[in-house]
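Here the structure is laid out as structure tokens; the discussion comes afterwards.
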Amino acid sequence: MSEPLSPSALMELSSLSGIPVDDTAMAERIAAGAAAAVEAVHRVATVCSAAAGQGDDNLDPWLFEFEPSGYLALLEQLAEEPR
Amino acid sequence: MDLCAAVDGLRQGRLRSVELVREAIAKARLVQLRHHCFLHIDAEGAMAAAEMADALLQGCAREGVQPPGALLGVPVAHKDMFEREGRVTTCASKVREPRVARRSATVVSRLDLAGVVDVGTLNMAEFALGATGHNATMGDCRNAWDPEFISGGSSSGSAVAVASGAVFASLGSDTGGSVRIPASANGVVGLKPTYGLIPRTGSMKLSPSIDVIGPMARSARDVALLLEVLAGADGLDACSSSRPRPRYTQEVTRGVEGLRIGVPRNYFSVGVAPVIRDAMNASLALLERAGARLVSLDVPEEVAAMAELSRAVVYAEATALHAQALRSRGDRYSPQVRLRASTGLGIPAPLYLEALQWRLPVLRRFVEQVFSRCDVLQTPTIPIPVPRRDETDVGAGPALWELLAQLVRCTAPFNYLGLPAISVPAGRDARGLPIGAQYTARPFAEAALLRVAAVQQHAVPLALPMPATQVASVENPPRK
């Protein structure tokens, strides 16, 4: 899957964005914190694609179905009518 | 006495708002000594508001009309992240320059219209970035039952102020468990509503794709009453829903006869401490006795990744929101909070967006698989006993990170999904610290959660009162 960002890569990103990272220790901590989250994106992609019987290369749902801004509408759609 | 009882007493003339508020301020000052849940106590303003409320109540009684406002004269306070016109909101931080708000948050305005008396502002994790109640800038908020243990966060002051009896109700915010974790750790009821049910206009943002505001109180019926006041689109928050809502105060009394309670066989039941598992089983048994039907089921496999998926979104959005302040005055953040606020640097933009994209199919799959088989799903709120403060503080060693992950393990997945979830007291452990059961349901099914919470709380009435403050003394001030 994915490797955590190296502290030096993190320092490059810090320089690029202008958001300061004090030292390698802080860069390592940020990289470690982010790594698990990044890994989770990979994991859910694998699990959900397999569950849906889709290949990893199936673009169609993303190109034609799922739209992040439709999230609230989906929540409303999945609700039951109030009594 | 809970919020509903206070409202009844005020309306029937048995109680006076000035008495309730005077008692609230006295308790607030006492609790503050050991638990540090307040940032500011506004005794003068609160007493003036209470006198006005009493005058209104008495005038209505003389005229034989119903008083305006469902919560007239009741003392409340909130974590300091909701704007109030004419006041500075600190977000429990010293990063921002003081800025007087020109408007009140929608939730504050709605509670004002309902007649509450605001007695001050409450402590919280700095910028709501933390699940333990530690705050290196403002001082740690400590557990209401024992100050050596964490209060939980980020709505730390809200839970402690309610549990200690200083206020009848409080607002929290919940982005990874920030209402439910402190509610569980302090033995009060805390609701994380469905994403979009309560508008967030004028409230501090942490992660707009996930943030919700939720009420905390001493009973399920209190939370139902608060929800009726707070819920519904305001025309300003683009992510608030205008779908019709039930009468929560009626629904909460319906009992659980015929309700199907899902009991997960995987993920949420794995790694649960025995004392917590016993409390969950006891809760299930009492719900079954009350007429609910238990359904054993598996939750979708991807739930195991959802807490982290939620963090991918939260970190990326939090870093974007704080970027300019991190550049210009990063030294004003406490070190841990600065680190958390900077973590989004390590999340590539396409992966952040992918985490948001996946939320739709994952939500659909979860609702279809789980809520086709049950109406309400039970999990622990926190799968481990409440940790000590020193176990979860900076420098606590490598076990710290695992402990922090455990705190949000059962709550954060429902933030990612946007589903409603409630934490309700479910007993106490051998140390006397509260245990919370979490119930979740399909979108906008808060009424079902309130029904379950009311039945459970009737059988396990643990939200009141508060042993720790009773032994507080001026001679024993809080340690920094």
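Going line by line, the protein sequences match chains G and X. In terms of our numbering, the first sequence has 53 at position 59, counting the first letter as 1, and numbering is strictly consecutive. If you count the second sequence from 1, you need to add 12 to reach our numbering. Just so you know, even glycine gets a beta-carbon here, dropped at the ideal spot from N, CA and C.
For K217 (chain X), no alpha helix (DSSP H) run applies, since DSSP gives it neither H nor E. For E(-3) (chain G), the nearest beta carbon of chain X is not closer than 9 Å to its own beta carbon. Taking CB atoms only, L53 (chain G) has no neighbour in chain X less than 9 Å away. Rounded to whole angstroms, the gap between the alpha carbons of Q78 (chain X) and C72 (chain X) is 6 Å.
With a threshold of 9 Å between beta carbons, I273 (chain X) makes no contact with chain G. Excluding five sequence positions before and after M216 (chain X), the CB atoms of its chain that fall closer than 6 Å to its own CB belong to M93 and C103, given in chain order.
Between A324 (chain X) and A21 (chain G), the beta carbon gap of about 18 Å keeps them out of contact (Cβ cut-off 8 Å). For W157 (chain X), the closest Cβ of chain G is not nearer than 9 Å.
Beta-bridge partners assigned by DSSP to D186 (chain X): X:V224.
Contacts with chain G (Cβ-Cβ distance below 7 Å) from the stretch 190 to 221 of chain X involve T206, Y207 and G208, listed in chain order. Residue-level contact by beta carbon holds for F60 (chain G) and chain X, with a gap shorter than 9 Å.
With contacts defined by Cβ atoms closer than 9 Å, I162 (chain X) and I288 (chain X) do not form a contacting pair.
With a threshold of 16 other beta carbon atoms within 10 Å, S168 (chain X) meets it and is buried. Rounded to the nearest angstrom, the gap between the Cα atoms of R46 (chain X) and V172 (chain X) is 11 Å. For R266 (chain X), the closest of X:A460, X:L416, X:I37 and X:R41 by C-alpha to C-alpha distance is X:A460.
Sequence-distant Cβ neighbours of M5 (chain G) in its own chain, meaning closer than 7 Å and more than five residues away, are V15 and A21. Contact note: L68 (chain G) reaches chain X through L372, L375 and R376, using a C-beta cutoff of 8 Å and chain order. When secondary structure is reduced to three states using DSSP, F94 (chain X) falls in the strand class. Only those residues of the stretch 357 to 370 of chain X whose C-beta falls short of 9 Å from the nearest C-beta of chain G are listed: L357, G358, I359, P360, L363, Y364, L365, E366, A367, L368, Q369 and W370.
According to the DSSP assignment, V464 (chain X) belongs to no beta strand (DSSP E) but to the alpha helix (DSSP H) extending over E458 to A471.
The C-beta separation of P227 (chain X) from L203 (chain X) comes to about 6 Å, placing the pair in contact by the 8 Å criterion. Contacts with chain X (Cβ-Cβ distance below 8 Å) from the stretch 18 to 47 of chain G involve M20, R23, I24, A25, G27, A28, A29, A30, A31, V32, E33, A34, V35, R37, V38, A39, V41, C42, A45 and A46, listed in chain order.
Taking 7 Å as the Cβ-Cβ cut-off, the stretch 421 to 447 of chain X approaches chain G at G430, given in chain order. When the beta-carbon positions are compared, V131 (chain X) and A178 (chain X) come within less than 9 Å of each other.
Within the same chain, and ignoring the five residues on either side of R377 (chain X) in sequence, the residues whose Cβ sits closer than 6 Å to its Cβ are P312. Your pair G208 (chain X) and S252 (chain X) checks out as a contact, with CB atoms roughly 5 Å apart and the cut at 8 Å. Around the beta carbon of P159 (chain X), 16 or more other beta carbons lie within 10 angstroms, which makes this residue buried. Looking only at X:E35, X:G76, X:L51 and X:R74, the smallest Cα-Cα distance to A62 (chain X) is reached by X:E35. Taken in chain order, the members of the stretch 323 to 352 of chain X whose beta-carbon sits within less than 8 Å of a beta-carbon on chain G are R323, A324, Y327, T331, A335, L338, R339, G342, L351 and R352. Residues of the stretch 2 to 14 of chain G with a Cβ closer than 7 Å to any Cβ of chain X, in chain order: L4, L7, S8, S11, G12, I13 and P14.
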